[in-house]
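Numbering (the working numbering), first residue to last: 3 to 165.
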């Protein structure tokens with residue numbers, strides 16, 4: 003028996019007594035390639051999904067005081083300059099870095115050396131996407147949580163692809 007390892011699975015090649023690969027070798031290698039290609043596609047699809055979530059006008063929060071006792075909560079797109087103008091910098095920075103992650107994910111389909119930069123940038127973006135929590139839970143929405151989750155999954159996939 004000959005041992006052959008791939009990036010994700012260690013498989014033992016089965017051989018007939020004639021020394022030729024068995025039919026299951028071809029099926030198994032095709033399955034491994036499909037899994038590998040699916041992870042590569044997810045690496046490019048997740049940032050696109052994140053950008054769609056960031057385009058929704060439900061992510062970035064500004065709370066305005068209409069009177070000394072009343073507060074009005076308004077939500078904006080992550081790409082909106084209004085929260086940035088009111089010192090909520092994290093959404094716009096997160097959106098910009100997500101676009102960079104999206105571009106890097108396409109480069110990573112051809113060049114594996116980009117995966118380390120993709121991983122580091124996605125971790126930095128996850129941390130920045132959590133910064134509105136410093137103002138309090140009122141400044142963090144469900145859409146913001148989904149954005150953070152997709153960025154975390156992106157960083158995990160980038161790390162898996164690196165190996």
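Think of the CB as a built atom: it goes at the ideal place given N, C-alpha and C, for glycine as much as any other residue.
Cβ pair residue i, residue j closer than 7 Å
i: residue 50; j: residue 117; result: no
i: residue 105; j: residue 79; result: no
i: residue 102; j: residue 85; result: no
i: residue 100; j: residue 53; result: yes
Cβ-based burial, residue i [other Cβ within 10 Å; buried from 16]
i: residue 11; result: For residue 11, the predicted model reports a pLDDT of 45, less than 50, meaning its position is unreliable; a value from the coordinates is still stated below. Per the 10 Å Cβ criterion, exposed.
i: residue 169; result: Because the chain spans 3 through 165 in this model, residue 169 falls outside it and cannot be assessed.
i: residue 146; result: buried
i: residue 82; result: buried
i: residue 94; result: buried
i: residue 45; result: buried
i: residue 139; result: exposed
Contacts around residue i, its chain only, beta-carbon distance under 8 Å, and the 5 residues preceding and following it disregarded
i: residue 150; result: 128, 131 and 132
i: residue 126; result: 99
Any chain B beta carbon closer than 7 Å to residue i
i: residue 136; result: Absent from the structure is chain B; it holds one protein chain and no more.
Chain-order list of residues whose beta-carbon lies under 7 Å from that of residue i (same chain, five-residue window excluded)
i: residue 154; result: 128
i: residue 60; result: 77, 143 and 145
i: residue 124; result: 103, 153, 156, 157 and 160
i: residue 164; result: 117, 118 and 121
Contacts around residue i, its chain only, beta-carbon distance under 6 Å, and the 5 residues preceding and following it disregarded
i: residue 74; result: 66 and 68
i: residue 148; result: 55
i: residue 134; result: 92, 141 and 142
Heavy atom of the ligand GTP within 6 Å of residue i beta-carbon
i: residue 132; result: Of the ligands one can find in the structure shown there are none, so the ligand GTP has no counterpart to examine.
- the stretch 106 to 114 touching the stretch 75 to 92, judged by at least three CB pairs closer than 8 Å: no
- Query: What beta strand (DSSP E) runs, 3 residues minimum, are completely inside the stretch 66 to 139?
  - Reply: 73 to 78
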